[in-house]
Structures are given as C-alpha cells and as structure tokens.
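A.B. asks: In full-length UniProt numbering, the protein residues as written are 1 to 262. Here a beta-carbon is modelled for each residue, glycine too, at the ideal position from N, C-alpha and C.
Put into structure tokens, the structure is as follows:
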C-alpha cells in the first residue's frame with residue numbers, strides 16, 4: 001500500500017535538508033518499512049520538481065546499481081535511476097568542495113549523449129543505438145544523504161539514486177566507431193590504481209541499461225530527450241573519496257576524465 005502524500009513530502013524535505021547541510025539522516029525505511037519502490041520514485045520526483053521550480057533544468061538521467069559488483073556492495077538485487085540536473089554538473093578544471101558532501105564516492109562510467117528522443121515503453125537497444133549521438137568518458141559522483149550508506153533500494157531511490165554530480169571528459173566518439181559493450185576502464189586515485197572494470201559488467205552491456213531506463217521512467221511520465229546525458233552505471237565498485245583526492249578515469253578508445261577535491 002502506498003504511503004500518504006504527506007509522508008512522502010516529509011521524507012523529501014528531510015532528504016533535501018540533508019543534502020543542503022551535508023548532515024545525513026537515518027534511512028527513511030527504518031521508521032517507515034512500508035515504503036516501496038513506487039513511493040520512493042515519487043519522493044525523488046518531489047525534490048526534482050522543487051529544484052526545477054528553483055531554476056534547475058534536467059540535463060539527463062543515470063542508472064544506478066547496474067552491475068553485480070554494485071548490487072552486492074549495496075545489498076540490492078535490481079537497478080535504480082535518478083535525474084541529472086544542470087546544477088549537478090562539475091568540471092575537470094574546478095575542484096569540488098569535499099566538506100559540502102556527506103559520504104562521497106566515485107563511479108567510472110561510459111557515458112552517452114542522445115542526439116534524438118528515445119521512445120518510452122517498448123524501447124529497444126536498436127532504438128538506443130539510433131538515438132545516441134556521442135559516447136563520452138564520464139565520472140559520476142555519488143553521495144548518500146543517508147547515514148553510512150545504510151540503504152535499502154527504496155532509500156537510495158528516494159535520495160535521487162544517491163546521485164550528486166557528473167563530470168564529462170573532452171573526447172566524443174560516435175557510437176558506430178567503438179564497441180560500447182567491451183570498453184576497459186581504469187580509475188586511479190592520487191596516482192594509484194584503485195579500480196578496473198569492463199563496460200560489459202553493466203547489465204551485460206551498457207545499452208541494456210539505457211533501454212531499461214527508457215522503459216522504467218516512462219511509467220512515471222518521464223522521457224529521455226535529445227541532448228540528455230545518460231550514465232548507464234559503473235562496471236566497478238564505487239570508490240570512497242578523501243579530502244584533496246585527485247582521480248583519473250581512463251577508457252580504452254574513449255579518452256579520460258579527471259576529478260579533484262579540495
């Protein structure tokens with residue numbers, strides 16, 4: 001049974017305050033174990049609509065928990081999704097204020113930029129291939145506004161799939177010029193290799209994640225549009241961040257992207 005609208009609104013407000021203050025809260029499902037995935041997506045949308053009303057714009061969408069490594073890490077058994085807003089974009093040349101975040105982590109992702117809208121229900125991988133304009137090196141910055149990452153699936157979905165920010169590298173490769181299902185990626189932190197993976201770990205192929213996403217969001221009245229950035233998920237475990245860290249993600253045939261913290 002869905003929880004009352006007033007409770008959804010309260011949980012959304014608690015999560016928004018946690019993000020603004022960088023003070024994490026207890027998992028919403030601890031006090032309200034009846035929260036389900038539908039409730040959680042509606043809570044996410046409450047905060048997205050609030051931010052849009054305050055001037056932000058949707059820049060794309062992300063799939064979370066798309067690899068076996070991440071599902072095991074977070075103790076869940078299915079992917080989730082969140083919104084990428086334009087005010088969540090970071091840039092390689094500008095370090096991020098570590099103190100403004102709760103428990104940040106880095107994810108290495110083969111990103112996509114859409115050149116056309118995607119259909120909603122019934123979207124296939126063929127539709128995705130036709131719509132993608134560019135393949136790009138990317139990092140997703142994730143952060144849980146829930147204490148110690150003690151999350152269930154509804155907790156992280158309500159928290160915008162634990163998304164915090166996104167960074168794109170400079171390189172752009174046409175989808176016909178690279179095998180997106182077999183891209184090796186390496187992440188270094190302060191010069192030390194901390195993660196390696198292959199894009200095939202993302203639901204078997206990152207295109208599977210994009211078509212799953214298009215179908216999933218359609219049930220909530222959301223569409224993937226031309227110009228959207230799509231982050232399909234990471235092929236490795238998420239890596240914890242420390243103050244002052246310098247990260248470089250390198251992708252075979254796709255280039256690299258860097259991320260720095262003050």
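1) Apart from the five residues on each side of it in sequence, which residues of its chain come closer than 7 Å, Cβ to Cβ, to residue 195?
2) Does DSSP put residue 223 in a helix, a strand or coil?
3) Going by the DSSP bridge assignment, what does residue 105 pair with across the sheet?
4) Which of helix, strand or coil does DSSP assign to residue 52?
5) Go to residue 62, then tell me how far its beta strand (DSSP E) extends in each direction, as first and last residue.
6) Please work out which residues of its chain come closer than 6 Å, Cβ to Cβ, to residue 203, disregarding the five sequence neighbours upstream and downstream, and give them in chain order.
7) Tell me the rounded alpha-carbon separation between residue 219 and residue 37.
8) With 16 other CB atoms within 10 Å as the buried threshold, where does residue 104 fall?
9) Can you give me the Cβ contacts of residue 159 inside the same chain, cut-off strictly under 7 Å, excluding the 5 residues immediately before and after it?
10) Would you check if there are 3 or more beta carbon pairs closer than 8 Å linking the stretch 36-51 to the stretch 5-23?
11) Buried or exposed for residue 52, please, with buried defined as at least 16 other CB atoms from any protein chain shown within 10 angstroms of its CB.
12) How long is the line joining the alpha carbons of residue 129 and residue 253, rounded to whole angstroms?
13) Is residue 260 helix, strand or coil by DSSP?
14) Rounded C-beta distance between residue 165 and residue 88? I'm assuming under 8 Å.
15) Which residue wins for smallest C-alpha separation from residue 155, given the options 5, 57, 80?
16) Between the beta-carbon of residue 110 and the beta-carbon of residue 232, is there less than 8 Å?
17) Under the three-state reduction of DSSP, which class applies to residue 38: helix, strand or coil?
18) For residue 33, does the count of other Cβ atoms within 10 angstroms reach 16, so buried, or fall short, so exposed?
19) Are the Cβ atoms of residue 114 and residue 224 separated by less than 8 Å?
20) On the CB-based measure, 16 or more other CB atoms within 10 Å of its CB, does residue 23 come out buried or exposed?
21) Are there 16 or more other CB atoms within 10 angstroms of the CB of residue 94, so buried, or fewer, so exposed?
22) Under three-state DSSP, which class holds residue 247?
23) On the DSSP bridge list, what partners appear for residue 81?
24) Consult DSSP for residue 176 and reduce its assignment to one of helix, strand or coil.
25) Roughly how many angstroms lie between the CA atoms of residue 139 and residue 90, to the nearest whole one?
26) Would you tell me roughly how many angstroms separate the C-alpha atoms of residue 19 and residue 86, rounded to the nearest one?
27) Cβ atoms of residue 97 and residue 226: under 8 Å apart, would you say?
28) Do you know how far the Cα of residue 198 is from the Cα of residue 184?
C.D. replies: With the structure as the only source:
1) Here residue 195 is taken as the residue at index 195 of the chain shown, counted from 1. Closer than 7 Å at the Cβ level, and outside the excluded window around residue 195, lie 108, 187, 236, 237, 239.
2) Mapped onto the chain shown, residue 223 falls at position 223. If DSSP states are grouped into helix, strand and coil, residue 223 belongs with coil.
3) Position 105 of the chain shown, counted from the first residue, corresponds to residue 105. Paired residues: 142, 240.
4) Here residue 52 refers to the residue found at position 52 of the chain shown. Residue 52 falls in the helix class under three-state DSSP.
5) On the chain shown, residue 62 is found 62 positions in, with the first residue counted as 1. Element bounds for residue 62: 58-64.
6) By one-based count along the chain shown, residue 203 stands at place 203. Cβ neighbours of residue 203 beyond the five flanking positions: 66, 209.
7) Counting from 1 along the chain shown, the entry for residue 219 is found at position 219. Counting from 1 along the chain shown, the entry for residue 37 is found at position 37. Straight-line Cα distance between these residues: approximately 12 Å.
8) As a first step, residue 104 is located in the chain shown; it is residue number 104 there, counting from the start. Answer is buried; the Cβ neighbour count reaches 16.
9) Taking the chain shown and counting its residues from 1, the one referred to as residue 159 is at position 159. Only 15, 144, 145, 146 meet the Cβ criterion.
10) In short, these stretches touch, since the Cβ pair count reaches three.
11) As a first step, residue 52 must be located in the chain shown, where it is residue number 52. Exposed.
12) Taking the chain shown and counting its residues from 1, one reaches residue 129 at position 129. Taking the chain shown and counting its residues from 1, one reaches residue 253 at position 253. Going by the C-alpha atoms only, they are around 18 Å apart.
13) As a first step, residue 260 must be located in the chain shown, where it is residue number 260. Note: residue 260 maps to strand in three-state DSSP.
14) As a working mapping, residue 165 is identified with position 165 in the chain shown. As a working mapping, residue 88 is identified with position 88 in the chain shown. Confirmed, about 5 Å.
15) Residue mapping note: residue 155 aligns to position 155 of the chain shown, counting from 1. Comparing Cα positions, the closest option is 80.
16) Translated into positions along the chain shown, residue 110 becomes position 110. Translated into positions along the chain shown, residue 232 becomes position 232. Contact flag set, yes.
17) To locate residue 38, count along the chain shown from 1; it is residue 38. Of the three classes helix, strand and coil, the one that applies to residue 38 here is helix, per DSSP.
18) Position 33 of the chain shown, counted from the first residue, corresponds to residue 33. The residue is exposed, with fewer than 16 neighbouring Cβ atoms inside 10 Å.
19) Taking the chain shown and counting its residues from 1, the one referred to as residue 114 is at position 114. Taking the chain shown and counting its residues from 1, the one referred to as residue 224 is at position 224. Taking 8 Å as the Cβ cut-off, residue 114 and residue 224 qualify as a contacting pair.
20) To locate residue 23, count along the chain shown from 1; it is residue 23. Burial call: exposed.
21) Within the chain shown, residue 94 is the residue found at index 94, counting from 1. Exposed.
22) The residue labelled residue 247 in the question sits at position 247 within the chain shown. Assignment of residue 247 by DSSP, reduced to helix, strand and coil, places it in the strand class.
23) Within the chain shown, residue 81 is the residue found at index 81, counting from 1. When DSSP reads this structure, residue 81 sits in a beta bridge with 63.
24) Taking the chain shown and counting its residues from 1, the one referred to as residue 176 is at position 176. Residue 176: helix per DSSP, three-state reduction.
25) By one-based count along the chain shown, residue 139 stands at place 139. By one-based count along the chain shown, residue 90 stands at place 90. If I take the Cα positions, the gap works out to 10 Å.
26) Mapped onto the chain shown, residue 19 falls at position 19. Mapped onto the chain shown, residue 86 falls at position 86. If you take the alpha carbons of residue 19 and residue 86, they lie about 16 Å apart.
27) Mapped onto the chain shown, residue 226 falls at position 226. Mapped onto the chain shown, residue 97 falls at position 97. No, they are not a contact pair.
28) Taking the chain shown and counting its residues from 1, the one referred to as residue 184 is at position 184. Taking the chain shown and counting its residues from 1, the one referred to as residue 198 is at position 198. Residue 184 and residue 198 have their C-alpha atoms some 4 Å from each other.
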